[in-house]
Each structure stands twice: as structure tokens, then as C-alpha cells.
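When you line the sequence shown up against my numbering, it's residues 83 to 411, in that order.
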Amino acid sequence: MMNYRRLGRTGLRVSEIGFGCGNVGGLMIRGEPSSRTRAVARALELGIDYFDTAPSYGDGQSERNLGQVFRELGAEAYVGTKVRLTNGERKDVQGDIFHSAEESLRRLRREYVDLIQLHNPITLRRGTDFSAMNVEEVLGEVAEAFQSLQRQGKVRFYGITALGETEAIHRAIEVGAFHTAQVCYNLLNPSAGVEVTLKFYAQDFARLIQRASETETGVIAIRVLAAGALSGVESRHPIAAPSVPPIASGPDYDEDLGRTRSFEPLVKEGYVESLVEASLRFVLSERGVSTALVGFSSIEQLEKAVEYASKGPLPRESLGLLPEVWNRW
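Printed below as a string of C-alpha cells:
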């Protein structure tokens, strides 16, 4: 049975498992049309009601395919997409956001989306990385553009992707200017939800989920399987992305895969049947998470994810084993 959680102050209740339509799983980009349709139909049947896409996923192909499937099924669900500003000069932030949103709506065949999210990383100041936006831009021009789209009825709610510099991300969230934040949270980097040591090997997000809860900002957990590394299996599904750079964990996929083996005792001691189960139930053990996005390559993966989520949070005693692992890193 699917459980539902409040998405911050939006008033929406969304399924604990969200359907990620990105490149990692690849189903909504490289899957056969019949497979895409069957997967979305099965997801809806299982109670999944949030679908996450972006213009950059397959250069618009994910949005187009998702729009086509919903039209074919005559179905409705919550849909979130994104906007990524790529022009380093950014002379017309509002115009660029409006254009991106219009193109997304056209591809999705919708008059509005439930959620639009900034896809750029956030920093304290403008640097050499043209993909990053400084927090003043985000709280100013970006927020104003999203508010305008909301007034026009083209988006219901708006949020950010909480990547970039930790201090800047916290600042963007603590003022409560956005309804949601996509937060990187998994067994390899739990710092958005738990306190880690000063010598922690990866970026410390400084309990960002708690900060989001304080402002009733809905948390959409991303990279919950670390792009597949937390499966503990080196081989990848034929339609999955053949290689995926890590986000907020190790320097490469192989190192993430190696660290994943530290969690094998959870399986050996009978707490879970697989590392995938451990990973999903760990994320859902954090009540501050509204939904955990999972990228699928097959219906079988979809059904397993829902099955695992229905078991609820990890047992307390298994959670107690995790800090020892993290402290060794």
C-alpha cells in the first residue's frame, strides 16, 4: 500500500515514492513506447502520483514522452519540471525562465505544471561556473519570475534544487521563499538529515532537511540510490545511463560502489533483503522527506520500489548501526 506525505506548505499530499523521469533510469527517455505507457499506468495503479521531469532530460524527450503517455492514458497526476539557466551573462533571467516554462508546457501538452524548480546549483557569489547562480539572483529575479508564472496560472508551486554551496542553499531555504527543495539524501551522504563528523569525506549539507522543515519547505529526496551505486551491483540495465557522475558523494561511481559494500551487514543480518531496500527505507525513515524520487529502467524495478516503501522505515536497531559506518569514512 502506498503511503502519502505532506509536501511542505503546498497543501498537496504526494506518494512516498516519486517517479523520476530522468536520464539515470532512462525509461521515459530510451524505453520503448509501449514500455513507457505500461510503466506509467502501473505506477498510477500502485498509487504513485508525482512525476518529475526536466527539459534537460533527453533534450526535452522526457517531457514529450511523459506528455504523450498521460494523453494516451487519459490520466492525471502531479507533474514537476525544471528550468536551467545556461547563459553566463543572464541579461534577461525572467524572460529565459518564461521561455523555458512555455516550452516545457508545450512538450508536456499541459496548461500548467504543479511544480517548477530551478535546476541550477546555488552559490554565495558569481564564480567561474556559469551553471551556478548566486543566492541573491535566486531569491530575487528567479523567485519573482516563478511568482509571476504562478499568478498567470502556469505553475502552482515553485522550488529549487538544493545543490551548490551549503551556506548558500541554507540561506535560500531559511527565508521560506520557495515551496520545495530537491535534496540529495542517501546512505552515502546522509548529512542533509543527520549530523556527520568534521572529517566527513563528502559535502556536509548540515541537516538541510531540518532547516526545510522549519520553513515548511517540502523536501523531494534525490539520488536516493546514488545513481545505482547503492544497489551494490556493477552492471547496469540496458536502457539505464551507462555512466553517471556522482553528486555529493565520492569522486567516481566505482568509489561509491565500494563504499556501498559497508552496508552489506544490513542484508546479512536480515534487516532487509537487498541494498536497494535498505537505501529506500533509509530515506523514508526521515519524516522530513515528502517523497523519494526513483529513476526506473523497468516495471520490475518500479514494483520493487513500491514494495520496499510499503514496509516502512528501517528498524531502529538497524539505523543504530549506520553512524559507525559513516564515522569510518
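Beta carbons are placed, not taken as given, at the ideal position from N, Cα and C, and that holds for glycine. A quick note: this is a predicted structure, and the numbers were derived from the prediction, not measured.
Quick one: measure Cβ to Cβ for residue i and residue j, integer angstroms, because I've assumed they're closer than 8 Å.
i	j	result
Ala-391	Leu-366	6 Å
Gly-241	His-261	5 Å
Ala-183	Leu-231	6 Å
Ile-198	Val-217	That belief does not hold up - the Cβ atoms of Ile-198 and Val-217 are roughly 19 Å apart, past 8 Å.
Asn-165	Leu-190	The residue asked about is misnamed: residue 165 is Val in this sequence, not Asn. The pair is not a contact, with the Cβ atoms about 13 Å apart (cut-off 8 Å).
Val-224	Leu-200	6 Å
Over what stretch of residues does the alpha helix (DSSP H) that includes residue i continue unbroken?
i	result
Arg-87	Careful: Arg-87 lies outside any alpha helix (DSSP H), inside the beta strand (DSSP E) at 86-88.
Gln-292	290-296
Asp-134	Where Asp-134 is concerned, there is no enclosing alpha helix (DSSP H), although the beta strand (DSSP E) it sits in stretches over 132-134.
Phe-364	357-366
Met-110	109-112
Glu-158	It is not in any alpha helix (DSSP H) - Glu-158 carries neither H nor E in the DSSP assignment.
His-181	175-190
Arg-410	404-410
Phe-228	225-233
Arg-398	398-401
Ile-321	Ile-321 -> no alpha helix (DSSP H), and no H or E assigned at all.
Glu-389	381-391
Pro-115	115-128
Asp-336	335-342
Using the Cβ count rule (16 or more neighbours within 10 Å means buried), how would you classify residue i?
i	result
Pro-320	exposed
Gln-234	exposed
Lys-350	exposed
Lys-281	exposed
Gln-229	exposed
Arg-118	buried
Out of the options, state which residue places its alpha-carbon closest to the alpha-carbon of residue i.
i	options	result
Glu-256	Ala-294, Ser-97, Asp-141	Ala-294
Gly-310	Glu-247, Leu-339, Gly-162, Leu-155	Leu-339
Thr-297	Glu-247, Glu-337, Gly-258, Ala-250	Gly-258
Tyr-139	Val-376, Gly-108, Arg-87	Gly-108
Asp-131	Gly-100, Gly-300, Asn-105	Gly-100
Using the DSSP secondary-structure output, state which residues sit across from residue i in a beta bridge.
i	result
Ala-303	Val-265, Ala-374
Gln-199	Lys-164, Gly-241
Ile-99	Ala-374
Thr-205	Asn-216
Gly-246	Ile-204
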